[in-house]
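Read the structure below first, then the notes.
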Amino acid sequence: MGCKLPNDLVLEVEGQTVTLNGNRQEAGHVTGGYGLTQVDKAFFDAWLSIHGQQPYIKNGVVFAQSSQNSARSQAREQAGAVFGLEPLSQENPVPGIARDDEAMRQKG
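Last residue of the sequence shown? That's 107 in numbering that gives the first Met the number 0, and every number before it is there in order.
Structure (structure tokens):
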């Protein structure tokens, strides 16, 4: 499974939990900005039957594939997808907000 949330996501079905890697994991667990985690198909199908209508599933923030290679491929294909949870640019944070380099220098 791929997860583009910045933090991990804990899936739960009938007391069993699986933690999906978020995209702030070690480099080996992240492809295309998605944290990747192998999840048992039966568990995922049960979880999806309960949570499949959630916006983060419908919008592709979290996705599943049948193999690790397919998940990596989908993550690479969707690498440019923006969901609003990305870090702000340090050079140009948001429209209308200017960076104050002088204040930052004074802080040391």
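Where a beta carbon is used, it is the ideal one built from N, C-alpha and C, also for glycine.
Assuming residue i is part of the beta strand (DSSP E), what are its boundary residues?
| i | result |
| --- | --- |
| E113 | What the structure shows of the chain is the stretch from 0 to 107, and residue 113 is not part of that stretch, so it cannot be assessed. |
Which residues bound the alpha helix (DSSP H) around residue i?
| i | result |
| --- | --- |
| L47 | 40-50 |
| N68 | 67-76 |
With DSSP as the reference, identify every bridge partner of residue i, one or two as the case may be.
| i | result |
| --- | --- |
| F62 | G1 |
| Y33 | T30 |
| V17 | L10 |
Tell me whether residue i sits in a helix, a strand or coil according to DSSP, three-state version.
| i | result |
| --- | --- |
| P92 | coil |
| E85 | coil |
| A102 | helix |
So is residue i in contact with chain D if we call contact Cβ pairs under 8 angstroms?
| i | result |
| --- | --- |
| W46 | As a matter of chain content, chain D is missing from the structure shown, which is built from one protein chain. |
Task: Cβ contact check for the segment 53-64 and the segment 2-10: 3 or more pairs under 8 angstroms - done: Yes, since at least three Cβ pairs between the segment 53-64 and the segment 2-10 fall closer than 8 angstroms, the two stretches touch.
Open item on the list: Does the structure place the segment 39-54 close enough to the segment 67-85 that three or more beta carbon pairs sit under 8 angstroms?
Closed with: The segment 67-85 is not in contact with the segment 39-54.
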